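Protein sequences, first through last, are from chains A and B. Position 70 (the first sequence) corresponds to 70 in the working numbering; numbering is contiguous. Quick note: to get the working numbering, add 337 to the position in the second sequence (first position is 1).
Protein chains: 2
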Amino acid sequence: MIVDCHGHYTTAPEGLWAWRKAQLAGLKNSSSKPEISDQEIRDSLEGAQLKIQRERGTDVTFFSPRAGSMEHHVGDAAVSAAWTRECNDLIHRVCSLYPANFVPVCQLPQSPGTPPAGCIAELERCVKELGFVGCNLNPDPSGGWWKEPPLTDKWWYPLYEKMVELDVPAMVHVSSSCNPAFHFTGAHYINADTTAVMQLIQGDLFKDFPTLKFVIPHGGGAVPYHWGRYRGLAQDMKKPLLKDHLLKNIYFDTCVYHKPGIELLLKVIPADNILFAAEVVGAVRGIDPETGQYFDDTKRYIDAIDSVSAADKKKIYAGNAKKVYSRAAAALQRLEG
Amino acid sequence: MIVDCHGHYTTAPEGLWAWRKAQLAGLKNSSSKPEISDQEIRDSLEGAQLKIQRERGTDVTFFSPRAGSMEHHVGDAAVSAAWTRECNDLIHRVCSLYPANFVPVCQLPQSPGTPPAGCIAELERCVKELGFVGCNLNPDPSGGWWKEPPLTDKWWYPLYEKMVELDVPAMVHVSSSCNPAFHFTGAHYINADTTAVMQLIQGDLFKDFPTLKFVIPHGGGAVPYHWGRYRGLAQDMKKPLLKDHLLKNIYFDTCVYHKPGIELLLKVIPADNILFAAEVVGAVRGIDPETGQYFDDTKRYIDAIDSVSAADKKKIYAGNAKKVYSRAAAALQRLEG
Chain A
1 MIVDCHGHYT TAPEGLWAWR KAQLAGLKNS SSKPEISDQE IRDSLEGAQL
51 KIQRERGTDV TFFSPRAGSM EHHVGDAAVS AAWTRECNDL IHRVCSLYPA
101 NFVPVCQLPQ SPGTPPAGCI AELERCVKEL GFVGCNLNPD PSGGWWKEPP
151 LTDKWWYPLY EKMVELDVPA MVHVSSSCNP AFHFTGAHYI NADTTAVMQL
201 IQGDLFKDFP TLKFVIPHGG GAVPYHWGRY RGLAQDMKKP LLKDHLLKNI
251 YFDTCVYHKP GIELLLKVIP ADNILFAAEV VGAVRGIDPE TGQYFDDTKR
301 YIDAIDSVSA ADKKKIYAGN AKKVYSRAAA ALQRLEG
Chain B
338 MIVDCHGHYT TAPEGLWAWR KAQLAGLKNS SSKPEISDQE IRDSLEGAQL
388 KIQRERGTDV TFFSPRAGSM EHHVGDAAVS AAWTRECNDL IHRVCSLYPA
438 NFVPVCQLPQ SPGTPPAGCI AELERCVKEL GFVGCNLNPD PSGGWWKEPP
488 LTDKWWYPLY EKMVELDVPA MVHVSSSCNP AFHFTGAHYI NADTTAVMQL
538 IQGDLFKDFP TLKFVIPHGG GAVPYHWGRY RGLAQDMKKP LLKDHLLKNI
588 YFDTCVYHKP GIELLLKVIP ADNILFAAEV VGAVRGIDPE TGQYFDDTKR
638 YIDAIDSVSA ADKKKIYAGN AKKVYSRAAA ALQRLEG
């Protein structure tokens, strides 16, 4: 079985964007829902994520709202809450229509300067009522201005307490960038991954939350490439070895879009800490002229690496996903048959 | 011959910091200079950078003021200009005392929101009067708040015109971070490298400045690890292949502190675009318990890689430095004998 832990609904039907437009124009009353038929949902997926699953042999995708559209910086906390609820409800519909293909992961109703405790109700609703197995946590709800305290700050603790209680991990994932310095998928996403890991190195968060789990997307940003730098910085700061300081709690996905990068990731980070992902349909959509294959066909890179054992690949492809997203384990087990 | 293109005077004598303290306290009159003897300069280097040069077999270091202390965000443009002048003059003294060991690279008197044209006079003074061969350009003089236009914006053009006229490259290097989200050497430095390259991908700067040269430090941030992502993003944006779009103008140093990272860099980036560097005494000062060697002994990693030809290693160790820092070429040639 192959589980892709990182998929967003980047192809959501027009009705969702029309609803958002109306919301921001101030025309929405609180009881309206986006006008989207089941058929529109099917159409949006059959030629895209589902086609790619079939072509590449991916069985199940952990599926969340489009990251770039979380837009926590737009409007106030009430706007974010209403938008988040619609995005999550749509993911729930997707996963109800295709329970063998998608497992739901939710967006959180974050808002700049608003305590993350405000996200608890929506997280509980998604997990307890709708069967979601994880959430996406934005370390920078300002959208590129980085005004929130580091992830190790007590500011975030009430949300972590709830995540631990519900036993759901968070993928640390920013949204779009309002800062002209940062291209969103080329700089902001990758920088956020790097920044989050460095915050976790500086702090001692997992002493307070030994069972809290974070997935760092996009292959961990710059971190595996600079693993020596991070091991060295941690040592200079008198922190424990990273394997003890971080690797019981953080995991890296495999969204690295060329073979040398995947090779490095698999060489440097223990197999127990790597979860397969491709993030399709995502940031890079073309075919690599050097290989004739899609840049984001990350399974192909992993399959071609001989130095990783079959047992370790099994962990990367599914075992670790069951371990980290424990609420998905039963469903995945069932699908595996 | 082995040239380290990336060294900062991190061990500068106490007199420099005393001068800075007095400057910021408003006690400095404009004619005072830091009180530093030649012997203090020698003492600050003999047990540190010079010792490491001897131990590791590095011949020459391109030497600039401590990056974290450029502090362009502190005070106004006049404060930055006075501080920059003292820092550069001290580098000039170092290089005059040790002309066989250090070649000078200057700090620029940047200040947030102040046009970069204001840096031209100091750049000219350093290059024409004092023999400097390059400069460090800070893409974020705010110190972690990223309020300046991207490096491709016309905002920067007057400085680029002067760099081209003088034929000096810039290392794109931020200073310290005032933003609690960003650890300075663990997040801000690496993010800035990644951000700068993505800005250059989005723009067409080198169409306007075909001979402008940038060195991206710290192994290019996350870029080589995600080279497939960047090739793919460029392709989706209808930009030329990165080898044509960027690699006639940008270069990566080798400040990557473990062998797998250096292996990836040397595999992914053409040897013509890599300049040897270690950044000592720098961000990571300890010994790697996995190897028993200093993390920042990057020469050891390169020497141990068999897949790169002797001719390519010669380029990485010295040839490219002579090419990119053309004003250093004659001096390096002379030292080589």
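Where is the CB? At the ideal position from N, CA and C, for every residue including glycine. These figures come from a predicted structure and were not determined experimentally.
- At least one CB of chain A lies nearer than 8 Å to the CB of GLN572 (chain B).
- ASN101 (chain A) and GLN53 (chain A) have their alpha carbons spaced roughly 8 Å apart.
- At a cut-off of 8 Å between C-beta atoms, PRO260 (chain A) counts as an interface residue with respect to chain B.
- Between GLY26 (chain A) and the set A:ALA78, A:PRO65 and A:GLY15, the nearest pair of CA atoms involves A:ALA78.
- Rounded to whole angstroms, the Cβ separation of GLY186 (chain A) and LEU570 (chain B) is 5 Å, and the two are in contact under 8 Å.
- For ILE339 (chain B), none of the residues of chain A pass the 8 Å Cβ criterion, the least Cβ distance being about 20 Å.
- For PRO158 (chain A), the enclosing alpha helix (DSSP H) stretches over residues 157–166.
- Close to ASP288 (chain A), with beta-carbon spacing below 8 Å, are these residues of chain B in chain order: GLY565, ARG568 and GLY569.
- For the C-beta of PRO150 (chain A), the chain B residues within less than 8 Å are, from N- to C-terminus, PRO517 and ALA518.
- In the structure shown, VAL605 (chain B) adopts helical secondary structure according to DSSP, grouped into three states.
- Interface residue (Cβ-Cβ distance to chain B less than 8 Å): TYR251 (chain A) is not classified as such.
- Identification of chain A residues near GLN630 (chain B) by a Cβ-Cβ cut-off of 7 Å yields none; the smallest Cβ-Cβ distance measures about 10 Å.
- With respect to chain A, the C-beta atom of LEU601 (chain B) has a partner C-beta closer than 8 Å.
- Ranked by Cα distance from THR195 (chain A), the first of A:ASP43, A:VAL223 and A:TYR325 is A:VAL223.
- Contact annotation, THR421 (chain B) with GLU461 (chain B): C-beta distance approximately 13 Å; criterion of less than 8 Å not satisfied.
- Note that the C-beta distance between ASP297 (chain A) and ALA278 (chain A) is below 8 Å.
- The DSSP assignment places complete alpha helix (DSSP H) segments of no fewer than 4 residues inside the stretch 224–251 of chain A at 227–236 and 242–245, in order along the chain.
- Contact annotation: in the stretch 383–400 of chain B, no residue has its CB less than 8 Å from a CB in chain A.
- Shown here, ASP4 (chain A) sits in a strand according to DSSP, grouped into three states.
- Of the other Cβ atoms in all chains shown, 16 or more fall within 10 Å of the Cβ of GLN536 (chain B); this residue is therefore buried.
- For VAL593 (chain B), the chain A residues whose C-beta falls within less than 9 Å of its own C-beta are TYR225, HIS226, GLY228 and ARG229, listed in chain order.
- The three-state secondary structure of LEU123 (chain A), taken from DSSP, is helix.
- Of the other Cβ atoms in all chains shown, 16 or more fall within 10 Å of the Cβ of SER64 (chain A); this residue is therefore buried.
- Counting along the chain, no alpha helix (DSSP H) covers SER307 (chain A), and no H or E run does either.
- VAL324 (chain A) places its beta carbon 8 Å or farther from that of LEU246 (chain A).
- Per DSSP, VAL440 (chain B) lies in no alpha helix (DSSP H); the unbroken beta strand (DSSP E) holding it starts and ends at 439–443.
- Secondary structure of ASN473 (chain B) (DSSP, three-state): strand.
- Under the three-state reduction of DSSP, MET535 (chain B) is assigned to helix.
- Listed by position along chain A, the residues whose Cβ is nearer than 9 Å to that of VAL605 (chain B) are HIS258, PRO260 and GLY261.
- Annotated three-state conformation of TYR654 (chain B) is helix, per DSSP.
- Residue burial annotation: GLN572 (chain B) is buried, with at least 16 other C-beta atoms found within 10 angstroms of its C-beta.
- With the rule of 3 Cβ pairs closer than 8 Å, the stretch 550–559 of chain B does not count as touching the stretch 248–258 of chain A.
- If you compare the alpha carbons of A:LEU205, A:CYS126 and A:ASP193 with that of ASN88 (chain A), the shortest gap goes to A:CYS126.
- Apart from sequence neighbours up to five positions away, the residues of its chain that approach CYS95 (chain A) with a beta-carbon distance below 7 Å are PHE63, PHE102, VAL103 and PRO104, ordered along the chain.
- SER401 (chain B): not part of any alpha helix (DSSP H); member of the beta strand (DSSP E) spanning 397–402, first to last residue.
- As the crow flies, the alpha-carbon of PRO109 (chain A) is around 13 Å from that of HIS173 (chain A).
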